[in-house]
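A quick write-up on the structure given underneath.
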Amino acid sequence: MTTQPTVEDLKVIAEQVWSSYLDVDGTSPLLPVAADKKVIDVTASVSVTGAWRGHVLVSCSEAAGKYVGAALLGIEFDDVAEEDVADALGELANIIGGNVKSLLPEPCALSLPHVHIDGSSGRYPAVTEVCHLDGTWRDESVTVTVLESTTDLAGAKA
Amino acid sequence: MTLTTQEFAFISGLVRRDAAIVLEAGKEYLVEARLLPLARQSGLPTVSEFVNRAQQRPEPDMHRKIVDALTTNETSFFRDGEPFKQLVETVLPDLLARRASTRQIKVWSAASSSGQEPYTLAMVLNDNLPAGWGFDIVGTDISTEMLTRAEAGQYTQLEVNRGLPAQLLVKHFERNGAHWKIASGLRNKVSFRRINLAAPFPPMGPFDIVFIRNVLIYFDVQTKRTVLQRVAGTLRPDGWLFLGSAETTIGIDDRFERVVAGRTSAYKLRTASKAAAPVSALGKG
Amino acid sequence: MLTMVIDDSRAMRLILKRIVAQLGFDVVEAGNGQEAMDYLKTNVLDGEGEIPGLALVDWNMPEMNGLEFVTAVRAEPRLRGMTLMMVTTESEQNQIVRALASGAHEYVIKPFTPDAIIDKLALLGLVPNGVAA
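Chains as they are written, first to last, in numbering that gives the first Met the number 0: chain L, 0 to 157; chain Y, 0 to 284; chain B, 0 to 132.
Structure (structure tokens):
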């Protein structure tokens, strides 16, 4: 099966990640609806190389990043430092990216996560978006995006 | 936010009538937890409002969905471990000797929910029966939704993470998108049908092994007795019965005797010479 | 029992540490396979330290990844007492087959619930009596 991942796939993956680590008691799930204000303060991404090439991004507001840090590190929201957000969000991107990778043609490899706390987008030239999931978690915006590279290894347009 | 006495009474009356399930006072939390997803699907914010609609203006199928939601058992592969270990160490050696002429094993997994138990039984039998032996497994449940899920034989990553040895995952399942699907060779050995344990069974069996785990606890004593009596009618005279780890037939039905198997118990029908209760139709060799 | 938790993510090490700590295990952390091997060499092979009974091993890590670590441990007869459970996002069928063939005893796919880890430890006979999932 070489069909591309869809937003439905992202919903299934997100639901499993949230119920395992971020919404253990089921009271604060990731709602698959766009937040009132889509905010991107921090983005963690992993790159996929091999039979398929592209990136999986997890972007969210600063507050959501701190909620992730607090949940994964088991600390209070106010005690979450920037490096905690980077580590926690990076692992989230790793887990979500790994699950997306398993839907792609084989063999592929996953990079280590990279985290950007500057809110900038457009950091990925020569890509097309495959799908994205706009979500709301604890009233904050969280987005998962799958980007496919449009150039082949030699740099020519595909 | 919590259910009123009347609302709880309506729901417990409904499941008692339809499925002989007993929900005593104190189980309101269970009703709320199980019905909340249904309430949300109907666009209602609280379980109370959902129950009111079920009483006054029920949508088609609403009662059945309520009963299904309350009778669904949480299940997982190799749940509790030991019974399946004993299946290999105690039961199969016994049946291999007794069924040497037919070399067929028939198994019933009652209240099979989303199917993990029947598929676990299929894996165990497939991997431990000698060449030339066959088996088939029937999974039954009262919930059509669960039966549909079980028929699909497809599980999420979270579900296959639980209790299933990795060796068996790669041996007996194939990835299907984000899910894992039981291999067709094994899938063909399992069939599913809808049965309400509280009602007379259609003709079934005779079975060599019956697993009826963690469902009798929901019935009152009289219903437990009736269910065990019906189960006994489907079991071969030397067949094996497994209950949930906290359950027993003792004090409920004398026709079974407990057999220690490793760190768990199994049950067999008392033979005629040891019968403490009147021997009913056991002649079905 | 001493447990090694080997993952380049501090968050994931903390999650795993919390799970095994509730079983009463002591934990040693490492951020990659090389750090973990260095620990074993210094403390267990060349020293008098306790051999870990269990290692929870991520796959994708810098310096030495989890598969390489598993292979290295299984090549060392004196580390035979270590049970190796991979805990990773790699979830393709043949990745799991590769890990098991390299000598991993068990495999958990991320995301996982604490029960998933504890159930697998019970299957391996590593859960102390009386502690259930």
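Just so it is clear, CB atoms sit at the ideal spot from N, CA and C, and this is done for glycine as well. Nothing here was measured: the structure is a model prediction, and the numbers come from that model.
- Proximity of V16(L) to chain B, defined by a Cβ-Cβ separation below 8 Å, is satisfied.
- Not a single CB atom of chain B sits nearer than 8 Å to the CB of G176(Y).
- Taking CB atoms only, I116(L) has no neighbour in chain B less than 8 Å away.
- A distance of 8 Å or more separates the beta carbons of E139(L) and A87(L).
- The stretch 176 to 187 of chain Y and the stretch 143 to 163 of chain Y touch, with three or more beta-carbon pairs separated by less than 8 Å.
- Taking 8 Å as the CB threshold, L55(B) stays off the interface with chain L.
- Taking each of I211(Y), K223(Y), L242(Y) in turn and checking the Cα distance to W107(Y), the smallest one comes out for I211(Y).
- DSSP places N93(B) in the uninterrupted alpha helix (DSSP H) bounded by 92 to 100.
- For the pair V46(Y) and A53(Y), the CB atoms are not nearer than the 8 Å cut-off.
- Here A19(Y) has A197, F218, T222 as same chain residues with Cβ atoms under 7 Å from its own Cβ, once five neighbours each way along the sequence are excluded.
- Going by beta carbons, V69(B) and P51(B) fall outside the 8 Å limit.
- Close to chain Y, meaning a Cβ-Cβ distance shorter than 8 Å, are the following residues of the stretch 86 to 114 of chain L: N98, S101, L102.
- Of S60(L), V11(L), P104(L), I95(L), the smallest CA-CA separation from A34(L) is found for S60(L).
- Residue environment: T248(Y) is assigned as buried (16 or more neighbouring CB atoms within 10 Å of its CB, all protein chains considered).
- Each residue's CA atom was taken as its position, placing V32(L) and E14(L) some 13 Å apart.
- Between P104(L) and N195(Y), the alpha-carbon positions lie close to 44 Å from each other.
- For Q21(B), no beta strand (DSSP E) encloses it, and the DSSP letter there is neither H nor E.
- Around the beta carbon of E82(L), fewer than 16 other beta carbons sit within 10 angstroms, so the residue counts as exposed.
- For the options A177(Y), L120(Y), W132(Y), the alpha carbon positioned closest to that of Q103(Y) is the one of W132(Y).
- Chain B has a Cβ within less than 8 Å of the Cβ of L71(L).
- Assignment of W17(L) by DSSP, reduced to helix, strand and coil, places it in the helix class.
- In the DSSP assignment, I208(Y) falls within the beta strand (DSSP E) that extends over 206 to 211.
- Under the 8 Å criterion on CB atoms, Y20(L) is classed as interfacial with respect to chain B.
- With a cut-off of 8 Å on Cβ pairs, the stretch 95 to 113 of chain L is in contact with the stretch 36 to 50 of chain L, counting three or more such pairs.
- Flagged as an interface residue toward chain L: A10(B), by a C-beta distance shorter than 8 Å.
- Counting C-beta atoms within 10 angstroms of its own C-beta, Y118(Y) has 16 or more neighbours from the protein chains shown and is therefore classed as buried.
- Ranked by Cα distance from S112(Y), the options G12(Y), T70(Y), T89(Y), D207(Y) are led by T70(Y).
- Between the stretch 33 to 47 of chain B and the stretch 91 to 111 of chain B, the count of Cβ pairs shorter than 8 Å is below three; the stretches do not touch.
- Taking 8 Å as the upper bound for CB-CB distance, L146(L) and G89(L) are not in contact here, some 17 Å apart.
- Contact of V11(L) with chain Y by beta-carbon distance below 7 Å involves A177.
- Put simply, the backbone Cα of F200(Y) is about 35 Å away from that of Q156(Y).
- From the listed residues A265(Y), E23(Y), A245(Y), P205(Y), the smallest Cα separation to G232(Y) is found for P205(Y).
- P36(Y): not part of any beta strand (DSSP E); member of the alpha helix (DSSP H) spanning 27 to 40, first to last residue.
- The three-state secondary structure of A125(L), taken from DSSP, is coil.
- L146(L) has H54(L), E128(L) as its beta-bridge partners, per DSSP.
- Looking at the DSSP output, V43(B) bridges to nothing.
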